[in-house]
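Q: After the structure tokens below, expect a handful of questions from me.
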Amino acid sequence: MDSVEIARFLTGMTLAVHIIFATIGVGMPLMFAIAEFLGIKKNDPSYTALAKRWSKGYTITVAVGVVTGTIIGLQLSLLWPTFMQMGGHVIALPLFMETFAFFFEAIFLSIYLYTWNRFKGKWTHVILSIPVIIGGSFSALFITSVNSFMNTPAGFQVKDGRMVNVEPWAAMFNASFLVRSFHVVATALMTMAFILAAVAAFKLLKNKVSKDAEYHKKALKVTMILGLVFTLGSMLAGDLSAKFLHKVQPEKLAAYEWHFDTGSKADLVFFGTLNEHTQQVTGAIKIPGLLSFLADDNINTKVKGLNDFPKADLPPLIVHYFFDLMVSLGVFCFIISAAYVATLIFKKLRRFMHAKPMLYGILLTGPAAMLAIEFGWFLTEMGRQPWIVRGYLKVKEAATQAGGLTFVTILFALLYIVLIVTSAYVLIRMFKNKPAYKDVAAVSKERGEQ
Amino acid sequence: MIFSYIGIIVLWLFLFCYIIIASIDFGAGFFALHAKITNQDKKLNHLISRYLNPVWEVTNVFFVFFFVGMVGFFPESALYFGTVLLVPASIALVLLSIRGAFYAFENYGQDSKLPWLVLYGLTGLFIPASLATAMTISEGGYITKHGSSFDLNWTELLLSPFSWSVVFLAIITVLYISSGFLTFYADRAKDTRAYKLLRYWFLFWGPPMIAISLFVFLSLRVQNETHFLSAVLNYWWLFLLSLICFIVAMLLTLLKKAHGWAFIMVIFQMGFAFFGYGASKLPYILYPQVQFEHAVVNDSMAMALTIAFICGLLLLIPSLILLLKLFVFDKEYVEGKKSQY
Numbered sequence: 004m005d006s007v008e009i010a011r012f013l014t015g016m017t018l019a020v021h022i023i024f025a026t027i028g029v030g031m032p033l034m035f036a037i038a039e040f041l042g043i044k045k046n047d048p049s050y051t052a053l054a055k056r057w058s059k060g061y062t063i064t065v066a067v068g069v070v071t072g073t074i075i076g077l078q079l080s081l082l083w084p085t086f087m088q089m090g091g092h093v094i095a096l097p098l099f100m101e102t103f104a105f106f107f108e109a110i111f112l113s114i115y116l117y118t119w120n121r122f123k124g125k126w127t128h129v130i131l132s133i134p135v136i137i138g139g140s141f142s143a144l145f146i147t148s149v150n151s152f153m154n155t156p157a158g159f160q161v162k163d164g165r166m167v168n169v170e171p172w173a174a175m176f177n178a179s180f181l182v183r184s185f186h187v188v189a190t191a192l193m194t195m196a197f198i199l200a201a202v203a204a205f206k207l208l209k210n211k212v213s214k215d216a217e218y219h220k221k222a223l224k225v226t227m228i229l230g231l232v233f234t235l236g237s238m239l240a241g242d243l244s245a246k247f248l249h250k251v252q253p254e255k256l257a258a259y260e261w262h263f264d265t266g267s268k269a270d271l272v273f274f275g276t277l278n279e280h281t282q283q284v285t286g287a288i289k290i291p292g293l294l295s296f297l298a299d300d301n302i303n304t305k306v307k308g309l310n311d312f313p314k315a316d317l318p319p320l321i322v323h324y325f326f327d328l329m330v331s332l333g334v335f336c337f338i339i340s341a342a343y344v345a346t347l348i349f350k351k352l353r354r355f356m357h358a359k360p361m362l363y364g365i366l367l368t369g370p371a372a373m374l375a376i377e378f379g380w381f382l383t384e385m386g387r388q389p390w391i392v393r394g395y396l397k398v399k400e401a402a403t404q405a406g407g408l409t410f411v412t413i414l415f416a417l418l419y420i421v422l423i424v425t426s427a428y429v430l431i432r433m434f435k436n437k438p439a440y441k442d443v444a445a446v447s448k449e450r451g452e453q
Numbered sequence: 002m003i004f005s006y007i008g009i010i011v012l013w014l015f016l017f018c019y020i021i022i023a024s025i026d027f028g029a030g031f032f033a034l035h036a037k038i039t040n041q042d043k044k045l046n047h048l049i050s051r052y053l054n055p056v057w058e059v060t061n062v063f064f065v066f067f068f069v070g071m072v073g074f075f076p077e078s079a080l081y082f083g084t085v086l087l088v089p090a091s092i093a094l095v096l097l098s099i100r101g102a103f104y105a106f107e108n109y110g111q112d113s114k115l116p117w118l119v120l121y122g123l124t125g126l127f128i129p130a131s132l133a134t135a136m137t138i139s140e141g142g143y144i145t146k147h148g149s150s151f152d153l154n155w156t157e158l159l160l161s162p163f164s165w166s167v168v169f170l171a172i173i174t175v176l177y178i179s180s181g182f183l184t185f186y187a188d189r190a191k192d193t194r195a196y197k198l199l200r201y202w203f204l205f206w207g208p209p210m211i212a213i214s215l216f217v218f219l220s221l222r223v224q225n226e227t228h229f230l231s232a233v234l235n236y237w238w239l240f241l242l243s244l245i246c247f248i249v250a251m252l253l254t255l256l257k258k259a260h261g262w263a264f265i266m267v268i269f270q271m272g273f274a275f276f277g278y279g280a281s282k283l284p285y286i287l288y289p290q291v292q293f294e295h296a297v298v299n300d301s302m303a304m305a306l307t308i309a310f311i312c313g314l315l316l317l318i319p320s321l322i323l324l325l326k327l328f329v330f331d332k333e334y335v336e337g338k339k340s341q342y
């Protein structure tokens with residue numbers, strides 16, 4: 004591998020690790036805020052205990068999220084100095100504001116986590132979660148703005164190879180900013196809901212502490228309803244993204260779908276294998292006209308094909324599989340959560356609510372949603388190749404030339420393995436022999452005293 | 002060019018804040034480890050975690066803020082520092098990550114483990130050392146250029162007395178600042194045992210720190226004479242003030258009086274030295290490649306950043322005050338009368 008390949012690999016690895024914890028970071032505060040709110044509103048200590056336990060586990064993931072986030076922040080300058088020299092001139096604003104949002108979140112998160120019993124009014128503590136939620140979501144928005152700038156650059160002119168006449172606000176609110184941020188936040192919330200649901204399903208399946216069953220069923224109900232709502236949001240966001248790509252980045256959409264020849268009634272291709280020389284797709288499920296429909300709500304819409312772009316500017320065609328995986332995992336989560344919610348609505352189905360197949364299905368939604376996030380990011384990042392700033396700067400021109408890259412890559416790989424293994428270990432131990440009913444009892448006792 | 006001054010002052014301020022609060026954190030980790038090994042942990046650790054648990058994450062943000070601000074205000078320096086610091090900064094990052102993560106594992110997890118405390122305690126001393134490399138490199142003389150590409154000259158860096166004296170200074174300063182703050186915190190907590198131990202450490206680290214700073218001065222003369230002369234001729238009074246603050250802090254601690262003031266004196270001591278160092282270094286960010294007036298971002302972006310910065314501070318300062326109020330100035334919390342969870 005040459006230095007460009009190593010730099011890409013290291014960046015990809017860091018982001019793949021960070022996105023796990025970042026997703027939890029964006030999704031989790033809303034979850035424990037909702038649980039705490041329900042606890043007060045319904046006057047049910049189970050929900051308060053739920054909020055306490057969730058936020059306790061969150062202290063571990065947030066720590067890893069903070070450190071991996073710091074790593075990627077500095078790695079941008081270390082691995083892509085040319086990009087940052089240029090980027091600093093044009094998109095420093097969202098980067099800067101992301102740090103402020105993160106700062107704000109960090110302060111209030113600390114306050115939230117360590118002041119459970121500090122305030123007299125019962126609502127004060129819940130209200131403290133609002134700045135945490137705002138900080139977390141806004142830092143996701145701003146950082147997505149940086150990434151969307153790389154896809155749809157705006158707010159500058161090029162003169163003699165330099166970027167001039169910079170308009171910071173135009174660069175920040177570039178074309179793909181809104182649609183991507185919406186997708187990022189919606190899928191983060193969806194994933195977090197399913198991960199927590201999967202934990203509850205796991206505990207119910209294992210049924211080690213029978214006294215806890217009621218508690219876990221409550222957790223399941225909250226998270227699955229939220230999961231369905233956020234899945235619908237994510238699907239809407241995904242649909243908007245496809246339409247956006249059709250208009251602005253057609254080569255990306257064409258690569259997702261192995262769509263070679265421009266034409267109307269374009270097929271949606273599902274999995275299959277590709278012969279790159281003959282451009283023949285075999286073994287795929289093709290749905291005629293659906294790609295055109297997705298692009299513009301009309302099966303007669305012309306979708307630009309890959310053959311209409313310069314060959315040197317095409318992304319790797321493997322992105323197709325990531326696209327298929329992302330979509331099918333998302334649909335899987337939708338089916339399971341819709342089935343669960345159906346058992347809530349229709350009395351006749353109620354006996355299936357905690358049936359084993361249902362619980363196993365729910366158990367799978369957590370990992371499925373997280374994998375969908377990973378695949379989605381692989382898809383969008385590889386779909387931008389060979390550009391680092393689409394149309395202006397190529398990846399291979401931006402990579403560092405410094406020595407020691409291989410050494411550093413091995414160092415970080417070891418670090419990530421250690422971090423993932425130990426954080427999983429700590430999280431599992433944290434809840435292994437701590438039955439929830441004891442926490443619920445502790446909460447009721449505190450309330451009794453007040 | 003007003004923006005280059007705004008930028009450099011903002012960044013220098015944030016770096017200074019980071020140095021103070023990160024030092025408290027880094028040193029505390031070392032003291033916790035030392036106390037554990039010498040079986041004095043019952044004296045100390047509850048006190049340290051009471052302070053650190055709520056603030057460590059915020060500490061980290063100050064650092065992120067500094068390097069993001071650096072890229073924002075001085076993108077030209079991102080090119081140079083980014084390339085040259087690949088290995089030293091990566092090592093610092095790995096250490097920072099181990100420290101942050103294992104701090105959380107050790108303190109929020111089910112049970113604490115000695116190896117984790119070792120990782121967390123020792124990395125705290127290596128981080129300032131590796132971060133200090135950036136300071137050293139900025140004095141010039143460690144970058145080699147081949148045509149259009151450039152890289153760090155490792156032999157030069159590893160054999161230089163200047164770089165080593167900076168490393169030692171960084172480590173000792175960390176222990177000094179940390180014990181200074183924790184003495185104050187222990188005094189407030191009315192925790193006599195912890196107080197005795199920390200006060201002893203504070204007095205112990207003070208004199209060698211001053212000795213090494215003199216050595217750094219002398220070796221700077223060899224490394225970068227322009228900078229040295231500017232510091233000695235134009236800014237000597239800042240360093241004198243710094244020394245006076247040091248003496249006051251030491252005397253107050255010796256007399257067991259006004260520990261709050263003693264720590265404020267420590268902050269001023271560091272502040273005078275740090276700003277004296279920074280001011281005498283101008284106009285270079287990286288000698289001799291990057292001058293801060295030439296490296297500054299375009300005016301429209303600088304304007305936007307300044308506005309964002311002011312709005313951000315309006316949000317941050319009240320929040321930070323709230324944080325301090327709850328965990329440092331709340332007497333009952335500091336004394337351990339209010340539970341953490």
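Line by line, the protein sequences are chains A and B. Take the first sequence: its position 335, counted from the start at 1, is 338 in the working numbering, and no numbers get skipped. Take the second sequence: its position 167, counted from the start at 1, is 168 in the working numbering, and no numbers get skipped. Ideal placement from N, C-alpha and C gives every residue a C-beta, glycine not left out.
#1: Could you tell me the distance, in whole angstroms, from the CA atom of A:Met361 to the CA atom of A:Pro370?
#2: Provide the residue span of the beta strand (DSSP E) that contains B:His147, from first to last.
#3: Could you confirm whether any beta carbon from chain A is found closer than 9 Å to the beta carbon of B:Ile21?
#4: Distance, Cα to Cα, A:Gly292 vs A:Pro84?
#5: Pick helix, strand or coil for A:Lys397, following the three-state DSSP scheme.
#6: State the DSSP-derived secondary structure class of A:Met356, mapped to helix, strand or coil.
#7: Mapping the DSSP letters down to three states, classify A:Gln453 as helix, strand or coil.
#8: Is B:Gly101 closer than 9 Å to A:Lys424 when the C-beta atoms are compared?
#9: Kindly indicate if chain A contains any beta-carbon less than 9 Å away from that of B:Ile7.
#10: Kindly list, in the order they appear in chain B, the residues whose Cβ is closer than 7 Å to that of A:Glu170.
#11: Locate the beta strand (DSSP E) running through A:Phe273, then write down its first and last residues.
#12: Name, please, each residue of chain A whose Cβ falls closer than 7 Å to the Cβ of B:Ala79.
#13: Mapping the DSSP letters down to three states, classify B:Thr156 as helix, strand or coil.
#14: Within 10 angstroms of the Cβ of B:Cys312, are there 16 or more other Cβ atoms? Answer buried if so, exposed if not.
#15: Whole angstroms is fine: what's the gap from A:Ser331's alpha carbon to A:Tyr259's?
#16: Should B:Thr84 be flagged as near chain A, meaning a C-beta pair shorter than 9 Å?
#17: Between which two residues does the alpha helix (DSSP H) harbouring B:Gln224 extend?
#18: A:Ala321 to A:Leu271, Cα distance in whole Å?
#19: Please report how far the alpha carbon of A:Glu170 lies from the alpha carbon of B:Gly70, in whole angstroms.
#20: Taking just the CA atoms, how far does A:Ala52 sit from A:Val251?
#21: With a threshold of 6 Å on Cβ separation, who are the neighbours of A:Ala375 within its own chain once the five nearest residues in sequence on each side are excluded?
#22: If you measure between the beta carbons of A:Ala39 and A:Val129, is that distance less than 9 Å?
#23: Report the rounded CA-to-CA distance for A:Ala178 versus A:Pro318, giving the unit in angstroms.
#24: Going by the DSSP bridge assignment, what does A:Met166 pair with across the sheet?
#25: Going by CA-CA distance only, name the one from B:Leu199, B:Tyr288, B:Leu96, B:Val56 that's closest to B:Tyr177.
#26: What distance in whole Å lies between the Cβ atoms of A:Tyr50 and A:Gly42, which are believed to be in contact at a cut-off of 8 Å?
#27: Just verifying my parser: in three-state terms, what is the DSSP assignment at A:Asn120?
#28: From B:Gln270 to A:Ser6, what does the alpha carbon distance come to, in whole angstroms?
#29: Just reading off the beta strand (DSSP E) that A:Ile391 is part of, what are its end residues?
#30: Quick one: grab the DSSP three-state call for B:Lys114.
#31: Do A:Leu231 and A:Ser132 have their CB atoms nearer than 9 Å?
#32: Does any residue of chain A bring its CB to less than 9 Å from the CB of B:Ile92?
#33: With 9 Å as the threshold, decide whether the Cβ of B:Glu58 is near any Cβ in chain A.
#34: Which residues does DSSP pair with B:Ser179 in a beta bridge?
#35: If we count the other Cβ atoms within 10 Å of its Cβ and call it buried at 16 or more, is B:Gly30 buried or exposed?
#36: Name the chain A residues that come within less than 8 Å of B:Leu241, Cβ to Cβ?
A: Taking the coordinates as given:
#1: 16 Å
#2: 144-147
#3: no
#4: 44 Å
#5: strand
#6: coil
#7: Because the pLDDT of A:Gln453 is 46, which lies under 50, any placement of that residue in the model is unreliable, and the number read from its coordinates should be weighed accordingly. Note: A:Gln453 maps to coil in three-state DSSP.
#8: A quick correction: the sequence has Val, not Lys, at residue 424 of chain A. In this structure, B:Gly101 does not lie closer than 9 Å to A:Val424 by Cβ.
#9: no
#10: Ser301
#11: 271-273
#12: Ser80, Pro84, Met87, Gln88, Gly91
#13: helix
#14: exposed
#15: 14 Å
#16: yes
#17: 193-224
#18: First, the residue type needs correcting, since residue 321 of chain A is Ile and not Ala in the sequence shown. Rounded to whole angstroms, A:Ile321 to A:Leu271 spans 16 Å at the Cα level.
#19: 18 Å
#20: 47 Å
#21: Met329, Leu332, Gly333
#22: What sits at residue 39 of chain A in the sequence shown is Glu, not Ala. Yes. Within cutoff.
#23: 20 Å
#24: A:Val161
#25: B:Leu199
#26: 3 Å
#27: coil
#28: 45 Å
#29: 390-392
#30: coil
#31: no
#32: yes
#33: yes
#34: B:Ser179 is not bridged to any residue.
#35: buried
#36: Within 8 Å Cβ-Cβ: nothing; B:Leu241 doesn't reach chain A, min ~35 Å.
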